[in-house]
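I have placed the structure first, in the form of structure tokens, so that the comments after it can refer back to it.
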Amino acid sequence: MKEYKNNNKFYFEITKKIPGKLGRAGIIHTPHGDIKTPAFMTVGTRGEVKFVSMEELKEITAQAMLSNGYHLRNKADEIAQNGGLAEWSGWNGPSLTDSGGFQVMSLGSGLGKVVSMKREQEIVNTDPKERLAHVTEDGVEFFDPFTNQKDFIGPEESMQIQCKIGADIHMAYDELTSLADSYEYNVEALARTERWAKRSIEEHKKHCDDLGYHQSLYGVLQGGRWEDLRRSTAKKFAKMEFDGYGLGGAFLKESLGDILKWCCEELPEDKPRHLLGLSHPDDILIGTEMGADTFDCVAPTREARHGRIYTKRGNIKLNKFKDSDELLDEGCDCPTCQSGWTRGDLRKLWKSPNIEDKKKYYTLSSIHNLRFIIRLTEEIRASILDGNFETYKETFLENYYHSKLK
RNA sequence: GGGGGGAUAGCGAAGUGGUCAAACGCGGCAGACUGUAAAUCUGUUCCUUCGGGUUCAAAGGUUCAAAUCCUUUUCCCCCCA
57 MKEYKNNNKF YFEITKKIPG KLGRAGIIHT PHGDIKTPAF MTVGTRGEVK
107 FVSMEELKEI TAQAMLSNGY HLRNKADEIA QNGGLAEWSG WNGPSLTDSG
157 GFQVMSLGSG LGKVVSMKRE QEIVNTDPKE RLAHVTEDGV EFFDPFTNQK
207 DFIGPEESMQ IQCKIGADIH MAYDELTSLA DSYEYNVEAL ARTERWAKRS
257 IEEHKKHCDD LGYHQSLYGV LQGGRWEDLR RSTAKKFAKM EFDGYGLGGA
307 FLKESLGDIL KWCCEELPED KPRHLLGLSH PDDILIGTEM GADTFDCVAP
357 TREARHGRIY TKRGNIKLNK FKDSDELLDE GCDCPTCQSG WTRGDLRKLW
407 KSPNIEDKKK YYTLSSIHNL RFIIRLTEEI RASILDGNFE TYKETFLENY
457 YHSKLK
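For the first sequence, the residue numbers in the working numbering are 57 to 462.
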């Protein structure tokens, strides 16, 4: 096996705090480079961002990539033999792997459902008989719809997989509960996630000992929407040997800020925190304010592929801009906008029966939306450093969510 | 000139006497999408004052009942001269 390039150089440095808030701008130093926070990590579940090349990611100043141990589990040995995730994927910047914990819900209680943040309709868990994933004390048994085979991942397996993949940051194995789960179930699931966290640390340590250096591990906080659960678990995790924290859970929009606050007030200030799976502008703003340093989300790319384009004045549905000669977002610095693509022309590509045209559309729109979110984090960072985060936040939200000039 | 096949909603295409305003696909329209079972999913798509009204190339006919059967006409495709 090839030697990994870097020894451990993981630490977090706070550059400036938002006065009176939990939020801060900082730098996460990793073996593959620095992440200036707040930062958005592009999601490359299988080691590549859909329809976007590594060069294009660099061009829009993407800082880090998140991949998933669940999806890469059968390639972990191959990845290790090829020098780890950075060499294997071609993404030579900072990286993070998720534990596969999200799949507990997406293949289990939330199978076939949208991970909603709204309360508009009643949220009901998928019938246990129809789920593809089932939780036990040991871990998660699941049916992989791609390989059509049964499989199992517990904390030990997740750590083994992630250590082989060798991203800069690993995630402890956790169980994400759904919005439909009761307090009682969350108590049970949270206790299990805490036990899994301990097992994750132990297994992770073994591999680091074998490797001869430390790889970073984040503990993932759960606890649903209950303050007592969130605070108690955060206190416990704060005392454990984690290098940072993942803030996990299924959130309602209106409770996101409170939940993050409960967690971050209990966590050590000097460790980085990653808000898992969220990136709509308001989520990033409230997340940063409440103490989250990094973010990841499939929304920018998925919504782009589905015809939703981000603009300063709110997101638009491309479908409504047939033959429009408007730019996607006036003044945007992304390569797509800089090349002069109009809404009408992009829509033509999207609606084209030609598959190559469609792919071109997916690339152009994904680049735009990703750059939009990355630029947002850059501007938030600048506003924190300049001491005018509040003003920036209010102005941005006003333009994005309340503009009538869409 | 002779023989055969076909014409169905914006398009493609099922249906071959009643349960047909007519499956399905595309396109259109509307909505969704947040640690990627997601180049996906959901709803809708003749008109309507929601009682009903007018449709399956056109016109006649048979029948209690026709997109479906018969006759003629128009157009399209194939084969033989």
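Beta carbons are placed, not taken as given, at the ideal position from N, Cα and C, and that holds for glycine.
Buried or exposed by the 16-neighbour rule on C-beta atoms within 10 Å, applied to residue i
i	result
F208	exposed
R251	exposed
Y457	exposed
V99	buried
A247	exposed
P337	buried
F202	exposed
D326	exposed
S439	buried
D230	buried
V170	exposed
P409	exposed
M57	Because M57 carries a pLDDT of 30, less than 50, the predicted location of this residue cannot be relied on, and the following value inherits that uncertainty. Under this definition M57 is an exposed residue.
G396	exposed
D339	buried
K185	exposed
S151	buried
D385	buried
D381	exposed
K114	exposed
V196	buried
Rounded separation between residue i and residue j - CA only
i	j	result
I411	N130	29 angstroms
V160	T233	8 angstroms
F199	A245	21 angstroms
H260	K414	42 angstroms
N455	S335	17 angstroms
K378	R364	14 angstroms
D442	P75	12 angstroms
Y60	K174	Reliability fails at Y60, whose pLDDT of 39 lies under 50, so the model's placement of it is uncertain and the value that follows must be treated cautiously. In a straight line, the C-alpha of Y60 is about 43 angstroms away from that of K174.
G300	E321	14 angstroms
A142	L78	32 angstroms
T447	G168	40 angstroms
D90	I436	17 angstroms
Q119	N375	31 angstroms
I257	C388	43 angstroms
D314	A81	20 angstroms
D194	D237	20 angstroms
Q278	I135	30 angstroms
K416	L405	7 angstroms
N204	L188	11 angstroms
P211	F68	25 angstroms
L402	L331	32 angstroms
S459	K449	14 angstroms
K72	T451	21 angstroms
I83	H127	29 angstroms
N62	M346	Any answer about N62 is weak, because its pLDDT of 45 lies below 50 and its placement is not dependable; what the coordinates show is given next. If you take the alpha carbons of N62 and M346, they lie about 32 angstroms apart.
Same chain only: Cβ atoms within 8 angstroms of residue i, ignoring 5 sequence neighbours per side
i	result
L461	A caution first: L461 carries a pLDDT of 47, below 50, which makes its placement in the model unreliable, though a value can still be read off. R369.
C264	C219, H270 and Q271
N242	T233, Q278, G279, G280, W282 and L285
E112	P391, T419 and I423
Sequence-distant residues of the same chain with beta carbon closer than 6 angstroms to residue i, five excluded per side
i	result
S422	F107, V108, T357 and A360
Y366	N425 and F428
D224	T86, P87, H88, P150 and S151
W147	M110 and M121
Anticipated Cβ contact below 8 angstroms, residue i with residue j, distance rounded
i	j	result
T101	S123	6 angstroms
I342	L312	6 angstroms
M121	G140	The Cβ separation is near 13 angstroms, so there is no contact.
F307	G275	Contact flag wrong, Cβ pair sits at about 18 angstroms.
C390	I116	6 angstroms
T153	G125	5 angstroms
M296	A253	7 angstroms
Any non-hydrogen atom of the ligand GDP within 8 angstroms of residue i CB
i	result
E345	For the ligand GDP, the structure offers nothing, since it holds no ligand at all.
Cβ shell of residue i (< 7 angstroms), same chain only, five flanking positions each side left out
i	result
Y239	W282
A132	I217, K220 and I221
R255	P211 and E212
Sub-9 angstroms separation of residue i and residue j beta-carbons
i	j	result
F96	T419	no
R399	I372	yes
G164	T192	no
G304	G166	no
A294	L316	no
S155	G103	no
T350	P324	no
H226	L273	yes
A355	W318	no
L235	S172	yes
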